[in-house]
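Protein sequences, first through last, are from chains R and D. Residue numbers are given in numbering that gives the first Met the number 0: position 256 of the first sequence equals residue 255, and the series is strictly consecutive. Residue numbers are given in numbering that gives the first Met the number 0: position 30 of the second sequence equals residue 29, and the series is strictly consecutive. Backbone N, C-alpha and C define an ideal beta-carbon position, used for all residues, glycine too. Have a look at the structure below, then the notes.
Number of protein chains: 2
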Amino acid sequence: MTAMKDATLRDVAAHAGVSIKTASRVLNDDPRVADGTRASVTASMVALAYQPDPTARSLRAGRDRTVGVVVESIGDVFVAALVAQIERLLAEAGYQVLVASSYRELERERSIVSNFVQRRCAGLIVMPSSLDALQGMPLRGLPVVFVDREGSAPGSQSVIVNDRDLARVATSHLIAQGHRRIALMSDALVVDTTRHRHEGYLDALRDAGIESDPELIRDDCIDEPRVFSVLDEVFALDEPPTAIFSANTRVSLGIVPGLHVAGRTDMALVAFGDFPMAASLKPAVTVIDHSPARIGEVAARTLLARLIEPSDQLQGGPVITVPAHLIERGSGEIPAEPRSRSPRVRR
Amino acid sequence: MTAMKDATLRDVAAHAGVSIKTASRVLNDDPRVADGTRASVTASMVALAYQPDPTARSLRAGRDRTVGVVVESIGDVFVAALVAQIERLLAEAGYQVLVASSYRELERERSIVSNFVQRRCAGLIVMPSSLDALQGMPLRGLPVVFVDREGSAPGSQSVIVNDRDLARVATSHLIAQGHRRIALMSDALVVDTTRHRHEGYLDALRDAGIESDPELIRDDCIDEPRVFSVLDEVFALDEPPTAIFSANTRVSLGIVPGLHVAGRTDMALVAFGDFPMAASLKPAVTVIDHSPARIGEVAARTLLARLIEPSDQLQGGPVITVPAHLIERGSGEIPAEPRSRSPRVRR
DNA sequence: CTCCTGATTGACATCGGTGTCATAGGCCTC
DNA sequence: GAGGCCTATGACACCGATGTCAATCAGGAG
Numbered sequence: 000m001t002a003m004k005d006a007t008l009r010d011v012a013a014h015a016g017v018s019i020k021t022a023s024r025v026l027n028d029d030p031r032v033a034d035g036t037r038a039s040v041t042a043s044m045v046a047l048a049y050q051p052d053p054t055a056r057s058l059r060a061g062r063d064r065t066v067g068v069v070v071e072s073i074g075d076v077f078v079a080a081l082v083a084q085i086e087r088l089l090a091e092a093g094y095q096v097l098v099a100s101s102y103r104e105l106e107r108e109r110s111i112v113s114n115f116v117q118r119r120c121a122g123l124i125v126m127p128s129s130l131d132a133l134q135g136m137p138l139r140g141l142p143v144v145f146v147d148r149e150g151s152a153p154g155s156q157s158v159i160v161n162d163r164d165l166a167r168v169a170t171s172h173l174i175a176q177g178h179r180r181i182a183l184m185s186d187a188l189v190v191d192t193t194r195h196r197h198e199g200y201l202d203a204l205r206d207a208g209i210e211s212d213p214e215l216i217r218d219d220c221i222d223e224p225r226v227f228s229v230l231d232e233v234f235a236l237d238e239p240p241t242a243i244f245s246a247n248t249r250v251s252l253g254i255v256p257g258l259h260v261a262g263r264t265d266m267a268l269v270a271f272g273d274f275p276m277a278a279s280l281k282p283a284v285t286v287i288d289h290s291p292a293r294i295g296e297v298a299a300r301t302l303l304a305r306l307i308e309p310s311d312q313l314q315g316g317p318v319i320t321v322p323a324h325l326i327e328r329g330s331g332e333i334p335a336e337p338r339s340r341s342p343r344v345r346r
Numbered sequence: 000m001t002a003m004k005d006a007t008l009r010d011v012a013a014h015a016g017v018s019i020k021t022a023s024r025v026l027n028d029d030p031r032v033a034d035g036t037r038a039s040v041t042a043s044m045v046a047l048a049y050q051p052d053p054t055a056r057s058l059r060a061g062r063d064r065t066v067g068v069v070v071e072s073i074g075d076v077f078v079a080a081l082v083a084q085i086e087r088l089l090a091e092a093g094y095q096v097l098v099a100s101s102y103r104e105l106e107r108e109r110s111i112v113s114n115f116v117q118r119r120c121a122g123l124i125v126m127p128s129s130l131d132a133l134q135g136m137p138l139r140g141l142p143v144v145f146v147d148r149e150g151s152a153p154g155s156q157s158v159i160v161n162d163r164d165l166a167r168v169a170t171s172h173l174i175a176q177g178h179r180r181i182a183l184m185s186d187a188l189v190v191d192t193t194r195h196r197h198e199g200y201l202d203a204l205r206d207a208g209i210e211s212d213p214e215l216i217r218d219d220c221i222d223e224p225r226v227f228s229v230l231d232e233v234f235a236l237d238e239p240p241t242a243i244f245s246a247n248t249r250v251s252l253g254i255v256p257g258l259h260v261a262g263r264t265d266m267a268l269v270a271f272g273d274f275p276m277a278a279s280l281k282p283a284v285t286v287i288d289h290s291p292a293r294i295g296e297v298a299a300r301t302l303l304a305r306l307i308e309p310s311d312q313l314q315g316g317p318v319i320t321v322p323a324h325l326i327e328r329g330s331g332e333i334p335a336e337p338r339s340r341s342p343r344v345r346r
């Protein structure tokens, strides 16, 4: 029983006494089949516990109920939540989800996409390493939706947040608390998203007439140990910052422990991207609620719309911006110059 | 250029002036091809930018360089880290990873596995909802590795931690701090893992001669709001607990904010499973370092071994136990209230 | 009763590769 | 120089489905 091979359409046809093609018609709800025939074929399928073979089907039909998802790293909490939401919605619509991580390697990213295309996926959701990451690739007209970062491909759409504006809001929020020395911490400027957040930070400073200081702008926070040393360096400046703007969740996940270890929880902090426990820390962390669930939902629905009704009209246009906002929790509302409030305990 | 169809093996063969089969041999590194022929075919492949079609290949060959991964929910931080590690190692070995979430629905879990089998995956890594989740399914002899929970399938292996023993260690640790009223908080007892952790908790109480109290054993912590209300209820008991043992990360992620909101950070806590920020909270959270990266690594290597060398010998046996240990950070070392040390008659 | 039409159905090619087996030479042996 | 053997290659079937197009058949029209 366990060793028995699965029934094929041929077996079903033989069992029902019809041709393979007729069985295929029943399988595909072709209306040109007599009711009686349909009933007996259906009965045979049940009797033999028939399951269609997706491989053979997609080989011949050139399509497949699978959606490929390419992300930077599935282990990132933001990405995991994003993918979870995408998978949930696509699964409801009967699609399988294939996930692969690019780890920021362009070559790997392109080879994954190529593989998905070869596999005849029905559509792609891609978190591109750059605007032109898929430049010149043969996509066979597949619907592509880029997430979290703007991408470009013929007829594609991108679901993003307004990184620049939100970074400006976050930074302005700190300025409004009286801060003028605000450190910007991010990882390398290889991704457009990161660049836009830098621009938004600079926008806010300019709006407030504050001159930006290169010493306070760090784009080398690549991992937790590095974040720790960057914090040390920044604190040791002649004019150290009184506030920090963290440009993404991964960096935040390094900054928070770093501040705790250093005993510098007096430092104001606004983080781009919410994260688990942010509300339970002391102080609780003020964040830009860059919601992966919402972005994932919009991306999945956008792709589904194109899968169901392939049209030249792009619902929502080539770039769809998902709203996000600042959540005040405490760390972002710490005023500048704590010594003016009470005698300093530290040092 | 973008509209041009991809080259097939037939095109390559024609271009090189050989038969399709010979081109296929070159593609598969078959040694029985003359060097000159090999070189010209290789040149043609490059010239035509040939990429093999994985669909056609797996249809005929009955195998595929894809590994299916079935987990409970890819959005869970523990799961995301586990999958990330598995994906990284399998990708290095040239395998694609297919991920799908079962959301604890047996029916969905089985249909995903069935789909993977139909797709001719080379192997499966499954986080099973129960020991017999795959019972009776035709697996076509696929190598299967279960992760985090023991599963059963012909010739399968499971990579797990000793949940029962670790739960005992965690609970004993709290008892060693003088606690005798220790609450156990977990989600529903549908997964063996959870059941084993309950048993370990009871083992520790028994070892210490403490009678277990059903009021302190809660298996209904299904989501964050529920965790909050469970905490309220437990605190309101006539004899409230002085310590909590959290049976998994998802529950911990509810307990910690709950304790902070209630201002009950005096409560001792040991959490099964490490999580981001655990070391930065006040107090920092003592955990059982149930490392997803380590489990994922062992699972991936175990599967790879079977993929490369299909043998009846199971390397490491049917059940592989990954070590884990307790990390003291503070919350688990909060002593019981002084008065509970003095003699008192319970019940 | 024959012809036409539309509804059903099936034979066969096909998707892009791989497995089996046969075949054509080249080289060695006796 | 014939037989044997090994190497390199190709012809062909096949994996499990779908697309094309022709064939069959019943019923209504003339």
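Just to confirm, is the Cβ distance from residue i to residue j under 8 Å?
i               : j               : result
S330 of chain D : V284 of chain D : yes
I73 of chain D  : A79 of chain D  : yes
P317 of chain D : Q156 of chain D : yes
V168 of chain R : L325 of chain R : yes
Q352 of chain R : E332 of chain R : Outside the displayed range of chain R (0 to 346) lies residue 352 of chain R, so it cannot be described from this structure.
R196 of chain R : S211 of chain R : no
S151 of chain R : L123 of chain R : no
I294 of chain D : V321 of chain D : yes
P256 of chain D : S279 of chain R : yes
Need the endpoints of the alpha helix (DSSP H) that residue i sits in, please.
i               : result
S228 of chain R : 223-234
V78 of chain D  : 76-91
F115 of chain D : 105-117
G199 of chain R : 191-206
L303 of chain D : 291-307
M44 of chain R  : 34-46
Closer than 8 Å, CB to CB, is residue i near chain R or not?
i               : result
Q134 of chain D : no
G74 of chain D  : yes
R345 of chain D : Because the pLDDT at R345 of chain D is just 43, under 50, the model does not fix this residue reliably, and the value given afterwards should be weighed accordingly. So no, R345 of chain D is outside the interface.
L268 of chain D : no
M113 of chain D : According to the sequence provided, residue 113 of chain D is Ser. The question's Met does not apply to it. Chain R contact via Cβ: present.
P224 of chain D : no
M276 of chain D : yes
E86 of chain D  : yes
L204 of chain D : no
L8 of chain D   : no
Does the CB of residue i have a neighbour CB from chain D at under 8 Å?
i               : result
A152 of chain R : no
I19 of chain R  : no
A242 of chain R : no
A46 of chain R  : no
F77 of chain R  : no
H197 of chain R : no
L26 of chain R  : no
S339 of chain R : Any answer about S339 of chain R is weak, because its pLDDT of 43 lies below 50 and its placement is not dependable; what the coordinates show is given next. Not an interface residue.
D5 of chain R   : yes
V82 of chain R  : yes
Check for me: the beta strand (DSSP E) holding residue i runs from which residue to which?
i               : result
L268 of chain D : 267-271
I319 of chain R : 318-320
T285 of chain D : 285-287
M136 of chain R : Neither: M136 of chain R is in no beta strand (DSSP E) and is coded neither H nor E.
S245 of chain D : 242-245
Query raised in the report: For the region 116-147 of chain R, which residues have a CB atom closer than 7 Å to at least one CB atom of chain D, in sequence order?
Result: Q117, R118, R119, P137
Report task. Identify each residue in the region 295-318 of chain R for which the Cβ-Cβ distance to at least one residue of chain D is less than 8 Å, and report them in chain order. Result -> none
Query - Three-pair Cβ contact test at 8 Å for the region 82-90 of chain R versus the region 88-102 of chain D - result: yes
Report task. Could you name the residues of the region 149-177 of chain D whose beta carbon sits closer than 9 Å to any beta carbon of chain R, in the order they occur along the chain? Result -> P153
Query raised in the report: How do the region 112-120 of chain D and the region 132-139 of chain D stand: do at least 3 beta-carbon pairs fall below 8 Å, yes or no?
Result: yes
Query raised in the report: Does the region 211-224 of chain R come close enough to the region 267-277 of chain R to have 3 or more Cβ pairs within less than 8 Å?
Result: no
**Report entry** Contact between the region 32-48 of chain R and the region 34-48 of chain D (3+ Cβ pairs under 8 Å)
**Finding:** no
Report task. Mind checking the region 28-61 of chain R against chain D and listing, in chain order, the residues whose C-beta falls within less than 7 Å of any C-beta there? Result -> Q50, D52, P53, T54, A55, S57, L58
Report task. Count the CB pairs spanning the region 142-154 of chain D and the region 196-207 of chain D that are closer than 8 Å, and state whether there are at least three. Result -> no
Query - Interfacial residues, the region 96-108 of chain R to chain D, with Cβ spacing under 7 Å - result: V96, L97, V98, A99, S100
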